[in-house]
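Scroll down for the structure; my scribbles are underneath it.
2 protein chains.
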Amino acid sequence: MASASVQAYEIIRQEIISGRFPPGHRLIESDLTALCKVSRTPVREALRRLVNEGLAEFSPNHGAQVADPGDEDLEALYELRTLIEGYGAARAATRISEAEIAELEALASQMEALVKKGADHTPEAAGANSRFHRIILEAARSARLLSVAGLVVETPLVLRTLARYSADERDRSMRHHRELIAAFRARDARWAEAVMTGHIKAAFAAIRRDLAQRSPG
Amino acid sequence: MASASVQAYEIIRQEIISGRFPPGHRLIESDLTALCKVSRTPVREALRRLVNEGLAEFSPNHGAQVADPGDEDLEALYELRTLIEGYGAARAATRISEAEIAELEALASQMEALVKKGADHTPEAAGANSRFHRIILEAARSARLLSVAGLVVETPLVLRTLARYSADERDRSMRHHRELIAAFRARDARWAEAVMTGHIKAAFAAIRRDLAQRSPG
DNA sequence: AACAAATTTATTGTATACAAAGTGGGGGGG
DNA sequence: CCCCCCCACTTTGTATACAATAAATTTGTT
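Residue numbers (my numbering), protein chains in the order written: chain A, 1234 to 1450; chain B, 1234 to 1450.
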C-alpha cells in the first residue's frame, strides 16, 4: 500500500484535476483528513507538494486553496512549456532507447484507437497523452529537466487539453505524435524540437480558442 | 520572528550552500532539530522543500541527504538556465519598472565596488548577484516563471559562480550587467535575451574551466 | 441602524508520542 | 572461517495533543 502522504497527495490532486474541487476552493486540512483517511501530518505534506506544483496556492496561517488558472498568464505558461518540452525533445532524440520508442508507438496507437471510438475526452486518453509526454521527458536523461517540467505540465489546464480539441485539432495532435516518433527514429534533435514546439503551440491556440468561445467577452 | 519551518529551511539551506554540509551528507531529522532549535515537524517541511528545490535528495524511509552536483548533467542545467533566464529577461524588458531598473543599477554599482575592493569572493557579492537576477525574474511578471527559475538558479554551484571567475571573466560579467540595464532602458526584449544568454553561457564556461582545473583527469 | 471592540470559533502551526521500516552487529550454524 | 539469520538500535512515517493566529460573530455604544 502506498504511504499515507502520497495517498493523500493523489486523492487531493485527483479532486483538483477532475474539477470537483473548483478554483478558489479552500483546502481545509481537517476536512481532507476525513476524505483521505489519514491524519493531518501527511495531508499537510501533500498540500505543500501541491502548492509547489502550482495546483494550489497558499497564504501563511490561512492555508491552501485550489489555484485559479484564470489568475495566471497563460501565454507565459505555454511559452515555458515550448522552451522546456522543446528542449526535452531535442535531448531525447539522441538519447531515447528503442524500448521507449516502442512505448511511444503503443501509446500513439492507443490514443488513435480511443479517438476512433469517440473516447478522446476520457481520462484514459488524457492519461495516455500524459504518459507520452512523460516518456519523452524521461528520455532526455536529466533529473533537473524532469522536475522543471513538472511545474509546467502538471496543471489542470494542460492535463485536460485533449478534451478541448476540435476534430481537426485532435487529428493534427495525433499526427504530431507520429512525427515525433519519426524524428526520434532519425535521431534528429532539431526535428524533434520543432515538432514538439508546434505541438504545444497548437495546444495553446486550441485552448485560447476554447476559452474565448466559452466566455465571449 | 520567522516561523519555525522557514527558520529551519534557511539554516539548513545555508549549511548546504556554504558547503559545511558537503554533498552526500545525510540530513538526519533529529540532528537538525538540535541545530535549528525547532521540533521535527518543521524540520521535515524544510527538508521536503530543499528536496523540491534540488538541494537535497530523498529516498523513502531513509531520509534526505545533500545533493551531489557531480551526479548531475551540468550542461543540461545550464541549458535550462539560458532558456529560462533568457526568456525572463525578454519578458522583463517590456515590463520592468523604472524603480526596478534603478535597483539593478544600484546592485551593479555595489558589485563593481566590491570587485574594486577585492571582495568579489564574499557572500555579500554573491548575494548582490542573486538579487540582480531575481529582480529581473520578478520583472517578468509571471509567478510560474519565478517558481520554475527557482529550480535552476538556487543551486550551490550557481550561487557560488562569482567565486570561480578569473579577473577577465569577472569584468565581463560586470559589463553584462550594465548591458542588460541598457537593454531594459531600450525596452528591447531580444537584446536583453541575447545578453542574458551570453551571461549564462559565460558562467558555464567559467565553471567548466574551473572544475577541469581543480580535478584534472 | 451602523460602527467598533471584544469574545468566540475555526484553522493553521508546532511539539511530542507512538508505530513501522530500515540498518548494522553479534551469535549460531554450515 | 565464512555466511546467514535474528535481534537491538537508529531513523523515518504517522497520529494526536496543544499553542498561536486569523476570521467571524456578537455585543455594546453612539
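A virtual CB, placed ideally from N, CA and C, is assigned to each residue, including glycine. It should be emphasised that the depicted structure is a prediction, and the values quoted were computed from it without experimental measurement.
Asked, Found
"Beta carbons nearer than 8 Å to chain A: which residues of the region 1361-1380 of chain B have them?", "ALA1373, ARG1374, SER1375, ALA1376, ARG1377, LEU1378 and SER1380"
"For a quick check, are the C-beta atoms of ALA1237 of chain A and SER1272 of chain A less than 9 Å apart?", "yes"
"Counting contacts by CB-CB distance shorter than 9 Å, is GLU1305 of chain B in contact with chain A?", "yes"
"With distances taken from CA atoms, which of B:ALA1235, B:ILE1440 and B:LEU1370 is nearest LEU1188 of chain B?", "Summary: the structure shown does not reach residue 1188 of chain B, with chain B confined to residues 1234 through 1450, and so no result is reported for it."
"How far does the beta strand (DSSP E) with GLU1290 of chain A in it extend, from its first residue to its last?", "1289-1292"
"On the premise that PRO1256 of chain A lies in contact with ALA1300 of chain A, defined as a C-beta separation below 8 Å, what is that separation, rounded to the nearest angstrom?", "7 Å"
"So, is HIS1410 of chain B buried or exposed, given that buried needs 16 or more other C-beta atoms within 10 angstroms?", "buried"
"Between which residues of its own chain and TYR1311 of chain B is the CB-CB distance below 7 Å, once the five residues before and five after are set aside?", "ILE1433 and PHE1437"
"Let me make sure I understand the geometry here. Which of A:ALA1352, A:GLU1305 and A:ALA1427 has the alpha-carbon closest to that of TYR1320 of chain A?", "A:ALA1427"
"Can you tell me whether ILE1245 of chain A is buried or exposed? The criterion is at least 16 other CB atoms within 10 Å of its CB, across all chains shown.", "buried"
"Can a CB atom of chain A be found closer than 9 Å to the CB of THR1327 of chain B?", "no"
"Out of curiosity, what's the CA-to-CA distance linking ILE1317 of chain A and GLY1431 of chain A?", "13 Å"
"Identify which residue in A:CYS1269, A:ARG1442, A:GLU1278 and A:ALA1289 has its Cα closest to the Cα of THR1388 of chain A.", "A:ALA1289"
"At which residues does the alpha helix (DSSP H) containing ALA1396 of chain A begin and terminate?", "It is not in any alpha helix (DSSP H) - ALA1396 of chain A carries neither H nor E in the DSSP assignment."
"Within its chain, find whatever has a CB closer than 6 Å to the CB of ARG1324 of chain B; leave out the 5 residues flanking it on each side and keep chain order.", "ALA1373"
"Following the continuous alpha helix (DSSP H) through ALA1372 of chain A, name the residue where it begins and the one where it ends.", "1356-1372"
"Could you check if ALA1241 of chain A belongs to the surroundings of the ligand SAM, using beta carbon to heavy atom distance under 8 Å?", "What this structure holds is no ligand at all, so the ligand SAM is not there to describe."
"Between B:VAL1381, B:GLU1402, B:ASP1421 and B:GLU1345, which lies nearest to VAL1284 of chain A when the distance is taken from Cα to Cα?", "B:VAL1381"
"Answer with buried or exposed for LEU1280 of chain A, where buried requires no fewer than 16 other C-beta atoms within 10 angstroms of its C-beta.", "buried"
"Would the region 1413-1421 of chain A and the region 1442-1449 of chain A be scored as touching if the rule is three or more Cβ pairs under 8 Å?", "no"
"Does the distance from the CB of LEU1340 of chain B to the CB of ALA1326 of chain B come in under 9 Å?", "no"
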